[in-house]
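*Asks:* For reference, the structure I am asking about is given below.
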Amino acid sequence: RKNEETYPRGSAPAGAWLLTAGVDVQRVAERTYLYYVIRAWGKEGESWLVKCGTAEGWVVLHQILFGSHYRTIGPAEVLPLHAVVIDSGDGNTQEEVYQICYRWGVSAYKGASHQVKETIRKSDVPYEDGAITLFYADTNVLKSELHRQIRGARWHLHSAMDEEYYRQMGTEQQVTERDARTGRHRTHWKCIPEGAANHYFDSEVMALVGLKSLEAEHLATEPPRPDFIDKTEPVRPEIQVYTENFFSRGI
């Protein structure tokens, strides 16, 4: 809570240059619920939470990401969305996520629970008549880095935070356990209690992956604005889970 500041939700102070978004995908009773985080970044990795919340369905999320303008305070400049990273690790939703990533021109993400050679490995996955970008990442390393940022003085939250965000951000703890397969002890991040919701934490990790994909962690000057390949079709009807009873709850 020490990270809370006085700037309003949906904006960021002057000094923010760009936005990245992370999206955690959950399927419940044939509906897709999307936990999202939109974070602004500035000089040398300083960051401000702009908005987070839950969207039921891709149409709602598309409006939140691409149909809304998020601005800086003071000189009210529109913050460009440079990267969107969407969780594709759930086998039940992978095809759905891949289609969205292809249609919107954004990236998919799959986390590795074990140590991997590269913290983030980028690959192109063939899809339809093109390809999508997939980031395969060492979640333990990234979660440790995120916690270092949270403990620092350059990771900020807006003034209208909700208790659910704090609950989910505090769910995971770093523990050391014996690996039943190898017999070795390893330190990793784990939900306590097991199964507790950590969707915002995962979304913050993916927003960080978005920043790293831009190689923008140590920028000293504002980068050029990106061109998104939004093909304007949120989802094909046969897998669209959006209904008239959608809701979008911003935090």
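Counting with the numbering used here, you get residues 641 to 891 for the letters of the sequence shown. Glycine included, every Cβ here is placed at the ideal spot set by N, Cα and C.
Give the secondary structure of Gln755 by DSSP, where H, G and I count as helix, E and B as strand, and everything else as coil.
*Replies:* Correct three-state label for Gln755: coil.
*Asks:* Beta carbon of Val849, beta carbon of Lys830: below 9 Å?
*Replies:* Taking 9 Å as the Cβ cut-off, Val849 and Lys830 do not qualify as a contacting pair.
*Asks:* Give the single residue among Glu736, Lys642, Ala652, Gln666 whose Cα lies nearest to the Cα of Ser843.
*Replies:* Comparing Cα-Cα distances from Ser843 to each of Glu736, Lys642, Ala652, Gln666, the minimum goes to Gln666.
*Asks:* Measuring only the C-alpha atoms, how far is Ala723 from Gly685?
*Replies:* Answer to the nearest angstrom: the Cα atoms are 15 Å apart.
*Asks:* Given this structure, state the Cα-to-Cα distance separating Asp730 from Glu644, to the nearest angstrom.
*Replies:* Near 32 Å, if we compare the C-alpha coordinates of Glu644 and Asp730.
*Asks:* Which residues mark the beginning and the end of the beta strand (DSSP E) in which Asp778 is found?
*Replies:* Residues 770-778.
*Asks:* Using the Cα positions of Ser728 and Lys750, report the straight-line distance between them to the nearest angstrom.
*Replies:* Rounded to whole angstroms, Ser728 to Lys750 spans 6 Å at the Cα level.
*Asks:* Under three-state DSSP, which class holds His839?
*Replies:* It is helical.
*Asks:* Counting C-beta neighbours from all protein chains within 10 Å, is the total for Gln808 16 or more, i.e. buried, or is it exposed?
*Replies:* Buried is the call here.
*Asks:* So is Ser799 buried or exposed if we call it buried at 16+ other beta carbons inside 10 Å?
*Replies:* Result: exposed.
*Asks:* Specify the secondary structure class of His702 as computed by DSSP and reduced to three states.
*Replies:* His702: helix per DSSP, three-state reduction.
*Asks:* Who does Asp664 pair with in a DSSP beta bridge?
*Replies:* The partner list for Asp664 (beta bridge, DSSP) reads Tyr675.
*Asks:* Rounded to the nearest angstrom, what separates Ser797 and Thr827 at their Cα positions?
*Replies:* The amino acid at residue 797 is misidentified as Ser; the sequence shows Leu. Cα to Cα, the separation comes out at about 28 Å.
*Asks:* Write down every uninterrupted run of the beta strand (DSSP E) in the region 709-745 whose length is 3 residues or greater and which is fully enclosed by it, in chain order.
*Replies:* Listed in chain order, they are 721-727.
*Asks:* Can you name the start and end residues of the alpha helix (DSSP H) that Tyr805 belongs to?
*Replies:* Where Tyr805 is concerned, the enclosing alpha helix (DSSP H) stretches over 803-809.
*Asks:* Is the separation between the beta-carbon of Arg794 and that of Ser651 shorter than 9 Å?
*Replies:* No, Cβ-Cβ distance for Arg794 and Ser651 is not below 9 Å.
*Asks:* Identify whether Ile760 lies in helix, strand or coil by the three-state DSSP scheme.
*Replies:* Correct three-state label for Ile760: strand.
*Asks:* So, at 8 Å on beta carbons, what are the nonlocal neighbours of Tyr738 in its own chain, with the 5 sequence-adjacent residues on each side left out?
*Replies:* Result list for Tyr738: Ser728, Ala748, Val765, Tyr767, Ile772, in chain order.
*Asks:* So does the region 647-662 actually touch the region 756-764, counting three or more Cβ pairs closer than 8 Å?
*Replies:* Segments in contact, no.
*Asks:* Any idea which residues DSSP pairs His796 with across the strands?
*Replies:* DSSP, once it has assigned bridges, lists Trp688 as partnering His796.
*Asks:* Starting from Arg818, follow its DSSP beta bridges and name the residues at the other end.
*Replies:* In the DSSP output, where bridge partners are listed per residue, Arg818 has His825.
*Asks:* For Thr811, is the classification buried or exposed, using 16 other Cβ atoms within 10 angstroms of its Cβ as the cut-off for buried?
*Replies:* Thr811 is buried by the Cβ-count criterion.
*Asks:* Sort out for me which residues DSSP pairs Lys830 with in a bridge.
*Replies:* Paired residues: Gln813.
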